[in-house]
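All remarks here apply to the structure that follows.
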Amino acid sequence: MESTENTEQISIVMAGHVDHGKSTVIGRLLSDIGALPQGKLEQVKEMCRRNAKPFEYAFLLDALKDEQSQGITIDAARCFFRTERRRYIMIDAPGHIEFLKNMITGAARAEAALLVIDAREGIRENTKRHGYMLSMLGLRQLAVLVNKMDLADYGRNVFGRITEEYTEFLGRLGIEPVSFIPVSGMEGVNISEKSKLTPWYDGPTVLQQIEAFQHKPPSQVIPFRLPVQDVYKFTEQGDDRRIVAGTIETGTVQVGDRVVFQPSGKSSAIRSVEYFNGAAKSRAAAGEAAGFTLDTQVYIKPGEWMVRQDDPAMKTGTRLRTNLFWMGRDPMIRDKTYKLKLGALRSPVKLVEVLSVLDATELATVSGKQQLDRHDVAEVILETPKPVAFDVLGEIEQTSRLVVVDNYEISGAGIILAAAEAADSVLQEHIRAREIAWKNSAIPLAERNAAYGHGAKFVVFTSEIPELGEAVARALERRLFALNFKAYFLGIDNVAMGLDADLRVGNDYRDDHIRRLGELARIFTDSGQIFITSLANVDEYDINALKLLNTPHEILTVQVGESRFAGFTPDVTIEADGDLGRGVEKACALLKQKQVIQDYSI
Amino acid sequence: MTNLDKLEANSVHILREAYREFKSLVMLWSIGKDSTVLLWLARKAFFGHVPFPLMHIDTHYKIPEMIEYRDRVALEWGLDLIVGENRKALDERHTFPDGQATRVECCRSLKSEALKHTLSGEWPRRRMDHKVGRLEAEERREAFTGVIVGARADEEGSRSKERYFSARDRQNEWDVGDQPPELWRQYKTDFAPGTHVRIHPLLDWTELNIWEYIERERIPIIPLYFDRGDGRRYRSLGCYPCTSPVVSEAKSVTDIVEELRAGKFRDIAERSGREQDKEDGGLETLRRGGYM
Chain A
41 MESTENTEQI SIVMAGHVDH GKSTVIGRLL SDIGALPQGK LEQVKEMCRR NAKPFEYAFL
101 LDALKDEQSQ GITIDAARCF FRTERRRYIM IDAPGHIEFL KNMITGAARA EAALLVIDAR
161 EGIRENTKRH GYMLSMLGLR QLAVLVNKMD LADYGRNVFG RITEEYTEFL GRLGIEPVSF
221 IPVSGMEGVN ISEKSKLTPW YDGPTVLQQI EAFQHKPPSQ VIPFRLPVQD VYKFTEQGDD
281 RRIVAGTIET GTVQVGDRVV FQPSGKSSAI RSVEYFNGAA KSRAAAGEAA GFTLDTQVYI
341 KPGEWMVRQD DPAMKTGTRL RTNLFWMGRD PMIRDKTYKL KLGALRSPVK LVEVLSVLDA
401 TELATVSGKQ QLDRHDVAEV ILETPKPVAF DVLGEIEQTS RLVVVDNYEI SGAGIILAAA
461 EAADSVLQEH IRAREIAWKN SAIPLAERNA AYGHGAKFVV FTSEIPELGE AVARALERRL
521 FALNFKAYFL GIDNVAMGLD ADLRVGNDYR DDHIRRLGEL ARIFTDSGQI FITSLANVDE
581 YDINALKLLN TPHEILTVQV GESRFAGFTP DVTIEADGDL GRGVEKACAL LKQKQVIQDY
641 SI
Chain B
27 MTNLDKLEAN SVHILREAYR EFKSLVMLWS IGKDSTVLLW LARKAFFGHV PFPLMHIDTH
87 YKIPEMIEYR DRVALEWGLD LIVGENRKAL DERHTFPDGQ ATRVECCRSL KSEALKHTLS
147 GEWPRRRMDH KVGRLEAEER REAFTGVIVG ARADEEGSRS KERYFSARDR QNEWDVGDQP
207 PELWRQYKTD FAPGTHVRIH PLLDWTELNI WEYIERERIP IIPLYFDRGD GRRYRSLGCY
267 PCTSPVVSEA KSVTDIVEEL RAGKFRDIAE RSGREQDKED GGLETLRRGG YM
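Chains as they are written, first to last, in the working numbering: chain A, 41 to 642; chain B, 27 to 318.
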């Protein structure tokens, strides 16, 4: 039905330093090959006439007023055109440093790049920075246009010098440009037709070059990697399928394949490949926004990776050595919680160490910096509170990429180089320092226990039904209080709205709330009390963090109802039947067993 | 994968991302070809379901067939349809051409203003009651902060700079110069409370892609797009005072695809029949103020 000739389409980004003439070159190209929509040229010319300014080809693209008045492109504008051969999406990326994140957006969408250099100005800061960004984004197909040759008298030497210098720079980034083309956007030289003004040049025109760009070959990577974007069950619509959905990054999978979810380690097999309005499928491959049902009921959350059991597994860990580009307004600093997005995963993340900062325009290393300023490129160690799954550079490109969100904005983009050494976590270091500095009370705990008639303990209730867990926890507090015991219940919301009120809203601060709750537990248990809390959906990492924070005192865990996600064994499990009396009995029995309270006291 | 497969996969990914990240999500449905393709893509993304409501802003200047088609499809596909309007502007005749408004003013009040207040739940709206098979006044009106829109980058200049996920401030205004980066299938999905977000899954589609996809998927499309005997058809659907049919004998989806690929419309902009674009500032002025 579709002939590939008619539907082939390729995206190309125009990059380069501000004012080197990117928009002019595209405008000229579109006009020369007659690819403009009818009336567009007249419309822009008419607008220029009305505003009494000379027509420029760049205006064709700089369709917004802002850009026309400032004369620079501020955002990556897309324009669509076609030649006899195929269709094109041309992305005009801004050359001003202020708009680097827009340039990245443009380049990330492209399969090939044209980089423009002003023949008179030569290689400038963003000529290099853009080269660096293209290499970091994984774009390897690059042609360089030496523009404004009319203003350099079409001099062969100027062209040769720039070619030599920039080839050397790109070589250090591992990019080999496919061509250097001397052009004049203004005069239409070597854009769509070979010009007599550059008789010494025998390479392709811009048009020939873009026609020659190749599609990025489909990923040859074998391992199957699916970031689990969501798990759907549209029961209300009468649909009982439980569908694991996501866009496949690499590899293929088919019905019957054994699959493992990472980092949880749960496993199952593919029962079906789901689809709407299409031919039945038994196989799905990289690039597809797919959906699967599984042979067994496994409970997994969005953010995990689904991989084939027979493929090499992903790495898992909490420390990632990463090459990170920072574009945030505020610098990236240590001891602040950021949000990590890696595949479909969202996790809190901290900057642990800055190993080196690279000057992207000189490719020289700057040492001694301990934060990342805007437009810095650095090798850093990032740490997540819980293990995450990932691949690394040199193995699988697509699944070794991450972004960091600061104050609602994507502020960092990085490539994971390796799993970092399993040093002590930030939390472990903190506990060690805290305990060394801790001034013990003059009253020994044993004395307090004797006076209060019970031991001190931190009791954590957990349930997938938050109200239920909290109800039993509060009933236990009431029961212990009635026995004249020093018991106190505190929910995580009280922490969030009180002690943690200074944390900026917007990020996911659950881990910070848990940390402060753990610190409170340390204080309450030290004062001899039975400190009770209730948390929804805790996992083994949360429990470990609370245990660590409550050091040197102990923690008891009470699970209310079934837990489909947690990977730890609670000290006791209570049925989720709403029978508070029986729940409290079971909790008390645990306290007795652990000798927190004595048999005769109840 | 063909080009259409890639476009489809990317749009589905964005729809799923929106559904995952936004609690109060709505999709705008103008009844036209683009938002109908968008609706189809939602069914692809969610395996036959559309797990959020669809909103239509009725200017009461729509071509009557559009309203019939809307209600019929909503009932057939079990869609959660919400309809809003600017009652005050209509009653006071702040309209074009039979009122005292210019084209752009009319667009602003019947579309932009109506949309803003319908999304926020301030103005009355009607919702499809599938038990009785008609629209009924909606009592408890939720405010929507995530809005899925069928804008395409190739339509005109300002749309070519949109992001897949695009924030509007409380006044629904758009800061073109300061837009978030989008790379590696990672989009800005974190927003300060109160931010309104437009989601544009069709950004990379061209008019031709839309028709090729309609053809491939056999999506039922409103017949106003076809020549039904008088040698004219609508290429773009809007309000009748501002939208003119084009001269064309394309009688089927296949004819339209052919016409766009190699025929008379190959190099003529789609919105050439939309008059409000041609007034001062045109669509850009409208978009900054919240036009979709």
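The C-beta atom is built at its ideal place from N, Cα and C for all residues, glycine as well.
Distance between residue j and residue i (C-alpha atoms, nearest Å)
{"i": "ASN363 of chain A", "j": "GLY178 of chain A", "result": "13 Å"}
{"i": "ARG604 of chain A", "j": "GLU504 of chain A", "result": "9 Å"}
{"i": "LYS381 of chain A", "j": "ILE282 of chain B", "result": "42 Å"}
{"i": "LYS141 of chain A", "j": "ALA285 of chain A", "result": "29 Å"}
{"i": "ARG169 of chain A", "j": "PRO371 of chain A", "result": "19 Å"}
{"i": "ARG127 of chain A", "j": "ILE236 of chain B", "result": "15 Å"}
{"i": "GLU205 of chain A", "j": "LEU41 of chain B", "result": "45 Å"}
{"i": "VAL76 of chain B", "j": "VAL500 of chain A", "result": "40 Å"}
{"i": "GLY61 of chain A", "j": "GLY558 of chain A", "result": "58 Å"}
{"i": "ASP540 of chain A", "j": "PRO506 of chain A", "result": "20 Å"}
{"i": "LEU286 of chain B", "j": "ARG122 of chain A", "result": "12 Å"}
{"i": "LYS59 of chain B", "j": "THR280 of chain B", "result": "14 Å"}
{"i": "PHE647 of chain A", "j": "VAL392 of chain A", "result": "Given a span of 41 to 642 for chain A in the structure shown, any question on residue 647 of chain A remains unanswerable."}
{"i": "GLY243 of chain A", "j": "GLY228 of chain A", "result": "16 Å"}
{"i": "PHE529 of chain A", "j": "MET354 of chain A", "result": "41 Å"}
{"i": "VAL130 of chain B", "j": "PRO427 of chain A", "result": "55 Å"}
Collapsed DSSP secondary structure at residue i in the structure displayed
{"i": "LYS49 of chain B", "result": "coil"}
{"i": "LEU380 of chain A", "result": "strand"}
{"i": "HIS143 of chain B", "result": "helix"}
{"i": "SER407 of chain A", "result": "coil"}
{"i": "PHE220 of chain A", "result": "strand"}
{"i": "GLU435 of chain A", "result": "coil"}
{"i": "ASN235 of chain B", "result": "helix"}
{"i": "ASN447 of chain A", "result": "coil"}
{"i": "ILE373 of chain A", "result": "coil"}
{"i": "LYS141 of chain A", "result": "helix"}
{"i": "ILE108 of chain B", "result": "strand"}
{"i": "CYS319 of chain B", "result": "Coverage of chain B is limited to positions 27 through 318, which leaves residue 319 of chain B absent and any answer about it impossible."}
{"i": "ASN187 of chain A", "result": "strand"}
{"i": "THR401 of chain A", "result": "coil"}
{"i": "LEU229 of chain B", "result": "coil"}
Member of the options whose CA lies at the smallest distance from the CA of residue i
{"i": "PHE521 of chain A", "options": "A:GLY509, A:ALA330, A:HIS494", "result": "A:HIS494"}
{"i": "VAL293 of chain A", "options": "A:GLN277, A:LEU334, A:GLY318", "result": "A:LEU334"}
{"i": "PRO303 of chain A", "options": "A:ASN577, A:ALA429, A:ASP375, A:SER224", "result": "A:ALA429"}
{"i": "ASP84 of chain B", "options": "B:THR62, B:TRP66, B:PRO249, B:SER135", "result": "B:SER135"}
{"i": "GLY176 of chain B", "options": "B:LEU145, B:GLU241, B:LEU229", "result": "B:LEU229"}
Residue i vs residue j beta-carbon contact at 8 Å
{"i": "ARG259 of chain B", "j": "PHE252 of chain B", "result": "yes"}
{"i": "ILE231 of chain A", "j": "VAL65 of chain A", "result": "yes"}
{"i": "LYS341 of chain A", "j": "VAL445 of chain A", "result": "no"}
{"i": "ALA153 of chain A", "j": "ALA159 of chain A", "result": "no"}
{"i": "ASN187 of chain A", "j": "VAL156 of chain A", "result": "yes"}
{"i": "GLN269 of chain A", "j": "THR290 of chain A", "result": "no"}
{"i": "ALA35 of chain B", "j": "GLY318 of chain A", "result": "no"}
{"i": "LEU182 of chain A", "j": "ILE144 of chain A", "result": "no"}
{"i": "LEU403 of chain A", "j": "VAL420 of chain A", "result": "no"}
{"i": "ILE450 of chain A", "j": "LEU433 of chain A", "result": "no"}
{"i": "LEU588 of chain A", "j": "LEU485 of chain A", "result": "no"}
{"i": "VAL347 of chain A", "j": "VAL300 of chain A", "result": "yes"}
{"i": "LYS70 of chain B", "j": "PHE316 of chain A", "result": "yes"}
{"i": "ASP566 of chain A", "j": "LEU575 of chain A", "result": "no"}
Residue-level contact to chain E via CB, residue i, 8 Å cutoff
{"i": "MET27 of chain B", "result": "Among the protein chains of the structure shown, namely A and B, there is no chain E."}
Inset, instruction - With 7 Å as the limit, tell me which residues of the segment 52–69 of chain B have their beta carbon closer than that to any beta carbon of chain A; keep them in chain order. - result: ARG69
Legend entry - Contact set between the segment 174–201 of chain A and chain B, restricted to residues whose Cβ is under 8 Å from the partner: LEU177
Inset, instruction - Output, in sequence order along the chain, the residues in the segment 515–535 of chain A whose CB is closer than 9 Å to any CB in chain B. - result: none
Inset, instruction - Compile a chain-ordered list of the residues in the segment 325–348 of chain A whose CB is closer than 7 Å to at least one CB of chain B. - result: Near chain B, meaning a CB-to-CB distance below 7 Å, the residues of the segment 325–348 of chain A are GLY327, GLU328, ALA329, GLY331, PRO342.
Legend entry - Residues of the segment 445–457 of chain A whose Cβ lies closer than 7 Å to any Cβ of chain B, in chain order: Residues are counted here when their Cβ sits less than 7 Å from a Cβ of chain B; for the segment 445–457 of chain A these are VAL445, TYR448, GLU449, ILE450, ALA453, given in chain order.
Legend entry - Short-range partners of chain B found in the segment 264–275 of chain A, where Cβ spacing is below 8 Å: GLN269, ASP270, TYR272, PHE274
Inset, instruction - Select from the segment 302–324 of chain A all residues with a C-beta closer than 9 Å to any C-beta belonging to chain B, and list them in chain order. - result: GLU314, TYR315, PHE316, ASN317, GLY318
Inset, instruction - Please list the residues of the segment 355–380 of chain A that have a C-beta atom closer than 8 Å to any C-beta atom in chain B, keeping them in chain order. - result: Contacts with chain B (Cβ-Cβ distance below 8 Å) from the segment 355–380 of chain A involve MET367, LYS379, listed in chain order.
Inset, instruction - Taking a Cβ distance cut-off of 9 Å, strictly less, list which residues of the segment 209–220 of chain B are near chain A, in chain order. - result: LEU209, TRP210, ARG211, GLN212, TYR213, LYS214, THR215, ASP216, PHE217, ALA218, PRO219
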